[in-house]
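Going line by line, the protein sequences match chains Y and X. For the first sequence, the numbering used here gives the first residue as 7, with consecutive numbering after it. For the second sequence, the numbering used here gives the first residue as 7, with consecutive numbering after it. Just so it is clear, CB atoms sit at the ideal spot from N, CA and C, and this is done for glycine as well. Model, not experiment: these values are computed from the prediction. In what follows, a structure is listed as structure tokens, so that the remarks can point back to it.
Number of protein chains: 2
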Amino acid sequence: MDRRTPVDDRTGQRIVPETTRRADRLSGTRYGNRPTMKDVAARAGVGLKTVSRVVNGEPGVTPDTERRVQEAIEALGFRRNDSARVLRKGRTASIGLVLEDLADPFYGPLSRAVEEVARAHGALLINGSSAEDPAREQELVLALCARRVDGLLVIPAGDDHRYLEPEIRAGVATVFVDRPAGKIDADVVLSDSFGGARDGVAHLIAHGHRRIGFIGDMPRIHTAAERLRGYRAAMGNAGIPVEDSWISLGVTDPERVRRAAVEMLAGPAPVTAIFAGNNRVTVTVIRVLAGRSRPVALVGFDDIELADLLDPAVTVVAQDAATLGRTAAERLFGQLDGTLLTPERIELPTRLITRGSGELPPAD
Amino acid sequence: MDRRTPVDDRTGQRIVPETTRRADRLSGTRYGNRPTMKDVAARAGVGLKTVSRVVNGEPGVTPDTERRVQEAIEALGFRRNDSARVLRKGRTASIGLVLEDLADPFYGPLSRAVEEVARAHGALLINGSSAEDPAREQELVLALCARRVDGLLVIPAGDDHRYLEPEIRAGVATVFVDRPAGKIDADVVLSDSFGGARDGVAHLIAHGHRRIGFIGDMPRIHTAAERLRGYRAAMGNAGIPVEDSWISLGVTDPERVRRAAVEMLAGPAPVTAIFAGNNRVTVTVIRVLAGRSRPVALVGFDDIELADLLDPAVTVVAQDAATLGRTAAERLFGQLDGTLLTPERIELPTRLITRGSGELPPAD
DNA sequence: CTCGCGCCTGACAACGTTGTCCAGGCTCTA
DNA sequence: TAGAGCCTGGACAACGTTGTCAGGCGCGAG
């Protein structure tokens, strides 16, 4: 420690009181009582509507009047209240994005891509994480609707979205992302999970593997189910009967994924390759395999950072989160423009990136 | 392709038209004209205020009346308009977070942690990415203020935040995160960049290194400047004079980081160790070092996923993004409660995680 | 000189909700 | 049984903004 400052014992945080007390600032006359256009008008000696015109850059104001209004705005620190504006105009210039977990490296870039599109259309983005909980998804979506977002992007956690019907009827543009909507008819933009998984598994088969494990998320999640379907399709195409012990579903937390991997690598006829159903599973499986001497092939769904620097480098089926988000957001604004009238299903292709781990031969 | 569906030539997207045309849905009577409490009241045969009471769970409504109102709400698909509510009540139950880039793995978890705190307080979170552009930061912050967010978390891109003074005076709770505010007095929660960098560099020195490179971001960014200061402090403490060629500042894009690293590794007296100033620099340096035979020690600021599985595993100075976000958000709600009245500077400790790359001896 | 036209400006209502306040009907007690 | 008090329900204003519309003023043409 270079400075002698009090330290909180429990957290180790240094706490440095600053000079000004906030109470002093709060004693200002206007706390919690912001200036309105009326105040600006009074100060500038003009009418209310004239202030509105200046603030919105509408024509029909003398340069001199405009200057007086601007000065009053500056002096009072006026900022237009968008809530009132929204109430009057009907549109909020904001859209909502409900996803699973913003901390997941798959969703960060997706959200950012959506934000850029929104920005290009002058809209703000409100994010919400459902934590894969259908009730929380609905709660979030309805909260966003109550704020009258112009549009909604939803990565569904639940499988019944009929609760959205009144909203859609009322004009809320809606696009589902990554997974289709449940029981309603709506735009959806997703990756080709089935094809990607099928090709990934076929790649392993092409390298000589027959006993191939699959570790994936709960089958109630559409992408997880599709990837499992792809796995089965590839195995079926190759005429390989799948054994139950090769498949692990519904595991999400690292510890259980680890156990699942260890189990299918044990026994008299262990799997010689593993297909990992998403980025989190892939990372855990990499850790398991790193501790073993016998090489096991691995292909993961979703690319992960630094995958190319591991030994062996990790072969993946990559999907492009940013494109997913951008495409969905563009459709959403298309709906708002009135350009896009027919709900569609847009499926983005995946890409197999071979780096080494998927090309290991079977070790038996 | 398993299904015969039209494919967009340019993008490879499959486009599947769905059955219902949106136009049909739009033909409903209420498009763009949502039911209001007045409509609900009319339908239920009660007064406006009674509907308000039911919607807000206020007491003083007979079970029978309540049921009638609920039925009307259900039938009409009514959803309270929060814009109007906000206008009346003054608080929006939403907070804003302006950060650099949501796609960066450092900010995802931070944002998520903030969201959880906000949720616990019944508030929504609006994110915005400044892309490290001061003008865009200001634009975003003011847009959030216009929506009357109750509070603001800002990871500053600029170094002058006097534009926020009227907002703070008007009662917008404000906490700066990761970097202090410029020219105003406000709460700030940050990591101990100086101490972390100093300890990381001292660690390299303790393992015998004297020629140590530093690659960091633009010094106008507070964290970057602090980390550079930490580097200089450690070198100074060890009595090692620092040569200009060991230091690279202001580089951000991978290609230039790569060139900077290559340069300081060339010449007659190359550096034997590198201290990387943030997670993106670390990743690029790892790539550079991976292509070299002579081992070079590396310590990075910020932890990165899979760092432990690389060869050598990467030693880092870790900061906890989630704790940073959580702490800041809690202070923000503390301000809103009126609990916290004095602006403070809270500095969270960093943690040196030794994994191998930082313990390599000098190779000369 | 007067009329008309155009430009600037401002008064007013409305957006949908909530806080205030009052009216009417009911129950309970004296 | 009458009065007091409580409980339920509703009328009304207000929040801050924008759309509508009309008034006033200056200037040019007849």
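- Message: In whole angstroms, give me the CA-to-CA distance for T98(X) and R91(Y).
- Response: 14 Å
- Query: Mind checking I352(Y): buried by the 16 CB within 10 Å criterion, or exposed?
  - Reply: buried
- How would you call M270(Y), buried or exposed, if buried means at least 16 neighbouring beta carbons within 10 angstroms? buried
- By DSSP, does G34(Y) sit in helix, in strand, or in coil? With a pLDDT of only 30 at G34(Y), under 50, the local geometry of the prediction cannot be trusted, and no value is derived from it.
- F220(Y) to I211(Y), Cα distance in whole Å? Take the alpha-carbon of F220(Y) and the one of I211(Y): they are about 13 Å apart.
- Message: What would DSSP say about A319(X), mapped onto helix, strand or coil?
- Response: coil
- Compare the C-alpha of V277(Y) against each of N284(Y), A239(Y), G214(Y) and name the closest. Selected option, being the one with the closest Cα: G214(Y).
- Message: For the structure I just gave you, are there three or more beta carbon pairs, one from the segment 322 to 332 of chain Y and one from the segment 102 to 116 of chain Y, closer than 8 Å?
- Response: Flag = yes, the segment 322 to 332 of chain Y and the segment 102 to 116 of chain Y touch.
- In angstroms with no decimal places, state the Cα-to-Cα distance between E365(X) and V305(X). 9 Å
- Query: Do you know whose CA, among H127(X), L105(X), K55(X), R300(X), lies nearest V181(X)'s CA?
  - Reply: L105(X)
- Query: If you check the beta carbons only, do G202(X) and P162(X) fall under 8 Å apart?
  - Reply: no
- Closest by C-alpha distance to E80(X), when choosing among Y169(X), V61(X), V248(X): It is V61(X).
- Output yes or no for whether 8 Å exceeds the beta carbon distance between A335(Y) and A124(Y). yes
- Where do the ends of the beta strand (DSSP E) carrying I218(X) lie? 218 to 221
- Task: Count the other C-beta atoms from every protein chain shown that fall within 10 angstroms of the C-beta of G164(Y), then say buried if there are 16 or more, exposed otherwise.
- Result: buried
- Is the Cβ-Cβ distance between D198(X) and E350(X) less than 8 Å? Cβ atoms of D198(X) and E350(X): not closer than 8 Å.
- Message: Tell me which residue opens and which closes the beta strand (DSSP E) that A129(Y) is part of.
- Response: Per DSSP, A129(Y) belongs to no beta strand (DSSP E) and is neither H nor E.
- Could you pull out every residue in the same chain whose Cβ sits closer than 8 Å to the Cβ of T35(Y), ignoring the five residues on either side in sequence? In this prediction, T35(Y) scores a pLDDT of 29, lower than 50, which makes its location untrustworthy; no coordinate-derived value is stated.
- Mind checking who V183(X) pairs with in its DSSP beta bridge? Paired residue(s): V195(X).
- Message: If you reduce the DSSP assignment to three classes, tell me which class S136(X) lands in.
- Response: coil
- Outcome for E261(Y) when other beta-carbon atoms lying within 10 angstroms are tallied against a minimum of 16: Exposed, by the Cβ-count rule.
- Message: I need the straight-line Cα distance from G6(Y) to G206(Y), nearest angstrom please.
- Response: Residue 6(Y) lies beyond the stretch modelled for chain Y, which goes from 7 to 370, so this question has no answer here.
- Task: Determine the contact status of A179(X) and G331(X), defining contact as a CB-CB distance below 8 Å.
- Result: Contact annotation: A179(X) and G331(X) have beta-carbon atoms that are not nearer than 8 Å.
- Task: Measuring only between beta-carbons, confirm whether A48(X) sits less than 8 Å from chain Y.
- Result: no
- Return no unless some Cβ of chain Y is closer than 8 Å to the Cβ of A266(X). no
- Message: As an exercise, report each continuous alpha helix (DSSP H) stretch of at least 4 residues that is fully enclosed by the segment 58 to 120 of chain X, in chain order.
- Response: With a minimum length of 4 residues, the continuous alpha helix (DSSP H) runs that stay inside the segment 58 to 120 of chain X are 69 to 82, 88 to 95.
- Task: Output, in sequence order along the chain, the residues in the segment 296 to 322 of chain X whose CB is closer than 9 Å to any CB in chain Y.
- Result: Under the 9 Å Cβ criterion, the segment 296 to 322 of chain X contributes A296, I310, E311, L312, A313, D314, L315, L316, D317.
- Whose CA, out of M224(Y), D156(Y), G245(Y), lies closest to the CA of L103(Y)? The shortest Cα separation from L103(Y) among M224(Y), D156(Y), G245(Y) belongs to D156(Y).
- Mind checking if L342(X) is an interface residue toward chain Y, Cβ cutoff 8 Å exclusive? no
- Among Q76(X), V268(X), D250(X), the one whose alpha carbon lies nearest that of V57(X): For the set Q76(X), V268(X), D250(X), the Cα lying nearest the Cα of V57(X) is the one of Q76(X).
- According to DSSP, residues forming a beta bridge with F307(Y): V323(Y)
- Message: So if DSSP puts L255(Y) in a beta bridge, which residue, or which two residues, is it bridged to?
- Response: G222(Y)
- With distances taken Cα to Cα, identify the nearest neighbour of P368(Y) among V302(Y), E64(Y), V294(Y), Q341(Y). V302(Y)
- Task: Establish whether the CB of G166(Y) and some CB of chain X are separated by less than 8 Å.
- Result: Residue 166(Y) is actually Asp in this sequence, not Gly. Interface flag for D166(Y) against chain X is unset, since no Cβ pair is found closer than 8 Å.
- Task: In the DSSP assignment, find the beta strand (DSSP E) that holds A279(Y) and state where it starts and stops.
- Result: Here the beta strand (DSSP E) through A279(Y) covers 279 to 282.
- With 16 other Cβ atoms within 10 Å as the buried cut-off, status of R28(X): Confidence at R28(X) is low in this model, with a pLDDT of 36, below 50, so its placement is unreliable and the value that follows should be read with caution. R28(X) should be labelled buried.
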